[in-house]
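Chemist:
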Amino acid sequence: MLTQRQVQDARERTAAALAAAGIALTAGEIGAIEIADFGLGQLEEIGLQLVVYVNTERVCAKELVLFPNQTCAEHRHPPYPGSPGKEETFRVRAGRVYLHVDGAPTANPKARPARAELGVYTAAREIELGPGGQFTVPPDTRHWFQAGPDGAIVSEFSTQSRDDLDLFTDPEVSRATVVGP
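Residues 86 to 266 in my numbering are what the sequence shown spells out, letter by letter.
(1) Just to confirm, are residue 182 and residue 133 a CB contact at a threshold of 8 Å?
(2) From the DSSP output, in three-state form, read off residue 191 for me.
(3) If we ignore side chains and look at the alpha-carbon of each, how far apart do residue 191 and residue 241 end up?
(4) Name the one or two DSSP bridge partners that residue 133 has.
(5) Which complete beta strand (DSSP E) runs does the segment 181-229 hold, if anything under 3 residues is left out?
(6) Take residue 88 as the anchor and find which of 168, 128, 101 and 171 has the nearest alpha-carbon.
(7) Out of curiosity, what's the CA-to-CA distance linking residue 185 and residue 253?
(8) Kindly indicate which residue of 247, 258 and 255 has the alpha-carbon position closest to the one of residue 165.
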């Protein structure tokens with residue numbers, strides 16, 4: 086569980102990071118910045134900050150902001166009626182991201198996620214992306230990513246986002262963030 090102060094602080098840090106990268110947001114977008122701690126209450130280590138520009142039945146566009154060394158938990162976007170699942174393209178705007186997808190394991194990966202000792206990160210092919218780097222994750226593919234030591238900003242372009250259908254490898258992860266006093 087996060088406190089209201091933690092959520093507000095994360096929103097302010099996210100807005101500042103986007104502004105520093107030259108990405109302009111409206112006041113409404115700043116107020117709607119989503120803070121995702123995946124129900125673990127460890128936002129600095131495992132979490133994600135999002136700005137959703139559009140999410141229709143056909144297309145979705147977001148900015149993903151990761152704090153230094155913050156990790157987005159491993160998940161996949163499964164098929165659902167009328168769709169093979171979400172396909173997403175990540176394009177790094179600032180910082181460095183270590184994206185992991187299913188595939189042959191990378192020798193000496195740079196990412197070091199919290200909770201790895203629990204075996205909840207199984208996608209072992211590491212793709213290092215810096216500014217301008219881009220990668221498309223096919224539908225129903227396990228993936229997770231971690232920011233480098235300076236954090237990262239990633240533009241996501243995808244088919245429809247159905248967060249309610251995401252399947253996480255870690256059974257303790259929840260997509261909903263609980264905010265207390």
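Ideal placement from N, C-alpha and C gives every residue a C-beta, glycine not left out.
Modeler: Based on what the coordinates show:
(1) By 1-based counting over the sequence shown, the position of residue 182 is 97. By 1-based counting over the sequence shown, the position of residue 133 is 48. Contact: no.
(2) Translated into the one-based positions of the sequence shown, residue 191 becomes position 106. Residue state, collapsed to three classes: coil.
(3) On the sequence shown, residue 191 is found 106 positions in, with the first residue counted as 1. On the sequence shown, residue 241 is found 156 positions in, with the first residue counted as 1. Roughly 24 Å between the two C-alpha positions.
(4) As a first step, residue 133 must be located in the sequence shown, where it is residue number 48. Looking at the DSSP assignment, residue 133 forms a beta bridge with 121.
(5) 210-214 and 219-222
(6) For the purposes of this step, residue 88 is taken as the residue at position 3 of the sequence shown. Nearest option by C-alpha distance: 128.
(7) Here residue 185 corresponds to residue number 100 of the sequence shown, with the count starting at 1. Here residue 253 corresponds to residue number 168 of the sequence shown, with the count starting at 1. So the alpha carbons of these two residues sit roughly 14 Å apart.
(8) Locating residue 165 in the sequence shown gives position 80, where the first residue counts as 1. Here the closest residue by C-alpha is 247.
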